[in-house]
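**Student:** Below are the structure tokens for one structure; questions will follow.
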Amino acid sequence: MNGKRIVDLSHEVYEGMLTHPWMPKPTVTEYISREQSAGFLTGGVSFHQVQVTMAGSTGTVLQVPFQYYAEGPDLAGFPVEHLVDVPIVVVPAAGHPEIPVGVFADLGDLEGTAVLLHTGQDRLWGTSDYFEDTCFLAPETVDYLTEARPRVVGVDSKNTDSGADQGKPAQHRLLGAGIAVLTSLTGLGSLPRTGAALTVLPVPVAGAGSFPVRPVAVIEEADRKDA
Amino acid sequence: MLTGTRVIDLSHVISNGMITHPWLQRPVVNEFVTRDQSAAFSAAGVTFQLEVISMPGSTGTYLDAPFQFHVDGPDVSAVPLARLFDIPIVVVRVPDGRAIGAGPIRAAGDLRGAAVLVHTGHSRFWGEGAFFRDSPYLTADAVAELVSAEPLVVGIDSQNIDDGTDKAKPAQHRLLGADIALLECLNRLHEVPDRGAWLRVLPTPVRGAGSFPVRPVAVIR
Chain A
104 MNGKRIVDLS HEVYEGMLTH PWMPKPTVTE YISREQSAGF LTGGVSFHQV QVTMAGSTGT
164 VLQVPFQYYA EGPDLAGFPV EHLVDVPIVV VPAAGHPEIP VGVFADLGDL EGTAVLLHTG
224 QDRLWGTSDY FEDTCFLAPE TVDYLTEARP RVVGVDSKNT DSGADQGKPA QHRLLGAGIA
284 VLTSLTGLGS LPRTGAALTV LPVPVAGAGS FPVRPVAVIE EADRKDA
Chain B
2 MLTGTRVIDL SHVISNGMIT HPWLQRPVVN EFVTRDQSAA FSAAGVTFQL EVISMPGSTG
62 TYLDAPFQFH VDGPDVSAVP LARLFDIPIV VVRVPDGRAI GAGPIRAAGD LRGAAVLVHT
122 GHSRFWGEGA FFRDSPYLTA DAVAELVSAE PLVVGIDSQN IDDGTDKAKP AQHRLLGADI
182 ALLECLNRLH EVPDRGAWLR VLPTPVRGAG SFPVRPVAVI R
């Protein structure tokens with residue numbers, strides 16, 4: 104087997120975590136407990152079953168056009184083959200509360216890629232600061248990306264939009280252009296600028312426009328001299 | 002996606018109120034913020050919808066992690082991704098089998114490190130009552146054969162990998178006990194070649210969940 108490294112770009116989802124200041128927190132309830140199941144099984148066998156309740160925007164989230172467009176594809180309808188082995192371009196974007204279009208200077212063609220904006224905000228994950236002053240895309244940045252036609256745009260901050268902007272230009276326009284959006288990514292600092300491939304496999308929930316996911320970047324190790 | 006790659010979606014769609022398991026609560030996809038509601042506070046012409054989704058772990062096409070049957074085993078967030086990503090698939094075809102024995106498993110050849118996907122054809126009944134009746138399952142003999150063959154993943158396209166009336170649940174108890182992840186209610190196995198495709202499963206990392214709905218895919222390069 105050739106070498107390959109799988110980098111998990113997700114945050115864990117757990118009972119009671121803060122999803123967003125004004126959204127319900129996830130619950131992971133023991134629906135059938137181990138003691139309960141031991142009562143109807145034999146030979147010391149037991150299991151448990153959980154009931155998970157959460158907002159679509161919990162943890163590391165995939166957004167698809169249906170979230171902003173009733174006629175757009177939902178999680179079940181968005182073509183999963185567009186989310187497999189998408190060439191990643193990591194774009195350094197730290198130090199800008201409003202990510203300017205200049206971060207794309209000197210980057211080549213972004214068509215068909217996964218543009219992952221590395222702000223470093225994921226270091227605040229799990230603190231209330233994560234929801235304050237989150238980095239977001241400037242309107243010109245949204246214009247640029249809409250023209251460049253990547254397949255996926257992702258950030259390691261809470262939102263591609265400013266919470267104060269009721270026009271939600273990034274989500275409205277990127278999703279309107281059929282571009283999937285990933286928010287609250289982590290681990291972007293360990294990726295090469297180019298050369299990794301993104302795979303996201305969302306649970307196919309009909310009628311849902313966003314859902315927590317487990318995106319990964321796959322990095323093929325360089326060919327060994329002795330190979 | 003790279004040119005020349007084919008992706009086969011091995012999952013069933015989950016929708017509000019559908020029966021995916023005879024005695025588990027049905028999934029709820031609830032509009033938490035509706036489009037009309039969001040229009041009231043968004044700029045002109047912009048609306049969105051947010052959902053709260055509630056479902057048992059074993060909804061739709063789902064992954065069972067060792068934690069489901071073994072409290073000390075890894076949950077769906079802790080199964081190493083190296084055991085779920087780009088695993089070579091071996092499809093074992095048992096058309097309209099019911100009690101699947103060791104024979105078809107043994108006949109499939111070397112299974113070490115593989116994802117063994119048992120194709121019964123039962124997935125064609127998905128969404129009908131027939132899906133929950135006469136669902137094919139692995140016998141204890143098949144389970145013993147699989148445990149010694151050391152695959153990384155075992156999957157089936159039926160409703161339950163165990164006989165619903167067998168209180169010892171040998172497939173789940175023993176395969177999960179051997180650190181083998183399970184996939185149940187798979188779909189479209191007829192599109193997957195006997196060998197040569199690669200399985201990818203990326204479960205939402207829900208801590209404390211022994212099973213959770215997934216979108217497994219077979220990748221053919």
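Quick mapping for you: the protein sequence lines, in order, are chains A and B. Start counting the first sequence at 104; every next residue gets the next number (the numbering used here). Start counting the second sequence at 2; every next residue gets the next number (the numbering used here). Think of the CB as a built atom: it goes at the ideal place given N, C-alpha and C, for glycine as much as any other residue. Just so you know, these numbers come straight off a predicted model, no measurement behind them.
(1) Taking a Cβ distance cut-off of 9 Å, strictly less, list which residues of the region 189-212 of chain B are near chain A, in chain order.
(2) Could you tell me whether the Cβ of S136/B comes closer than 8 Å to any Cβ of chain A?
(3) Is it buried or exposed for A100/B, if we count other Cβ within 10 angstroms and need 16 for buried?
(4) Give the list of continuous beta strand (DSSP E) stretches no shorter than 3 residues that lie fully inside the region 111-166 of chain A.
(5) When burial is assigned at 16 or more other CB atoms within 10 Å of the CB, is T145/A buried or exposed?
(6) Which residue wins for smallest C-alpha separation from V144/B, given the options T48/B, R175/B, L64/B and F133/B?
(7) Is F314/A helix, strand or coil when you go by DSSP?
(8) Using a Cβ cut-off of 7 Å, pull out every chain A residue sitting near I162/B, in sequence order please.
(9) Only counting the same chain, and skipping five residues up and downstream in sequence, which positions put a Cβ closer than 6 Å to that of K328/A?
(10) Establish whether the CB of T35/B and some CB of chain A are separated by less than 8 Å.
(11) Hey, is E138/A's beta-carbon within less than 8 Å of any beta-carbon in chain B?
(12) Three Cβ pairs or more, each shorter than 8 Å: is that satisfied between the region 186-201 of chain B and the region 157-169 of chain B?
(13) Name, in chain order, the residues that DSSP records as bridge partners for R196/B.
(14) Using only the alpha-carbon positions, how far apart do A150/B and L200/B sit?
(15) If you measure beta-carbon to beta-carbon, which residues of the region 165-183 of chain A are closer than 8 Å to chain B?
(16) Since S113/A meets chain B, which of its residues come closer than 7 Å, beta carbon to beta carbon?
(17) Between the alpha carbons of L203/B and P217/B, how many angstroms are there, rounded?
(18) Enumerate, from N- to C-terminal direction, the unbroken alpha helix (DSSP H) stretches of 4 or more residues contained entirely within the region 163-248 of chain A.
(19) So which residues on chain A does V215/B lean against when the C-beta distance must stay under 8 Å?
(20) By DSSP, does G298/A sit in helix, in strand, or in coil?
(21) How about S12/B: is its C-beta nearer than 8 Å to some C-beta of chain A?
(22) Mapping DSSP to helix, strand and coil, what is I109/A?
(23) Enumerate, from N- to C-terminal direction, the unbroken beta strand (DSSP E) stretches of 3 or more residues contained entirely within the region 28-114 of chain B.
(24) Check each candidate in T205/B, V95/B and L51/B and name the one with the smallest Cα separation from Q170/A.
(25) Mind checking the region 78-103 of chain B against chain A and listing, in chain order, the residues whose C-beta falls within less than 8 Å of any C-beta there?
(26) Mark V116/A as exposed unless 16 or more other C-beta atoms lie within 10 angstroms of its C-beta, in which case mark it buried.
(27) Please check if any C-beta of chain B sits within less than 8 Å of the C-beta of I109/A.
(28) If distances are taken between C-alpha atoms only, which option among V95/B, T166/B, V148/B and G102/B comes closest to L139/B?
(29) How is M104/A classed by DSSP in three states: helix, strand or coil?
(30) Between D163/B, D135/B and D167/B, which lies nearest to L183/B when the distance is taken from Cα to Cα?
(31) Would you please verify whether the beta carbon of V245/A is less than 8 Å from any beta carbon of chain B?
(32) Excluding the 5 residues flanking A116/B on each side, which residues of the same chain have their C-beta closer than 6 Å to its C-beta?
(33) Please list the partners that G74/B has in chain A, where partner means a Cβ-to-Cβ separation under 7 Å.
(34) With DSSP collapsed to three states, give me the class of S149/B.
(35) M19/B to S12/B, Cα distance in whole Å?
(36) Taking Cβ positions only, does S231/A come closer than 8 Å to chain B?
**Tutor:** On the basis of the supplied data:
(1) R201, V202, L203, P204, T205, P206, V207, R208, G209, A210, G211 and S212
(2) no
(3) exposed
(4) 130-135, 152-158 and 164-166
(5) exposed
(6) R175/B
(7) strand
(8) Within chain A, no residue comes near I162/B; the closest Cβ sits about 12 Å away, beyond 7 Å.
(9) Annotation note: pLDDT 45 at K328/A (below 50); position unreliable, coordinate value reported separately. Taken in chain order, the list of residues that qualify is empty.
(10) no
(11) no
(12) yes
(13) V91/B
(14) 18 Å
(15) F169, Q170, Y171, A173, A179 and V183
(16) P206
(17) 7 Å
(18) none
(19) L304 and V306
(20) strand
(21) yes
(22) strand
(23) 29-34, 51-57, 63-65 and 86-94
(24) L51/B
(25) S78, L82, A83, F86 and D87
(26) buried
(27) yes
(28) G102/B
(29) For M104/A, the predicted structure reports a pLDDT of 49, less than 50, and the residue's modelled location is therefore unreliable. A value from the coordinates is still provided. Reduced to three states, the DSSP call for M104/A is coil.
(30) D163/B
(31) no
(32) I88, I90, V154 and L200
(33) None at all; the shortest Cβ gap to chain A is about 11 Å.
(34) helix
(35) 15 Å
(36) no
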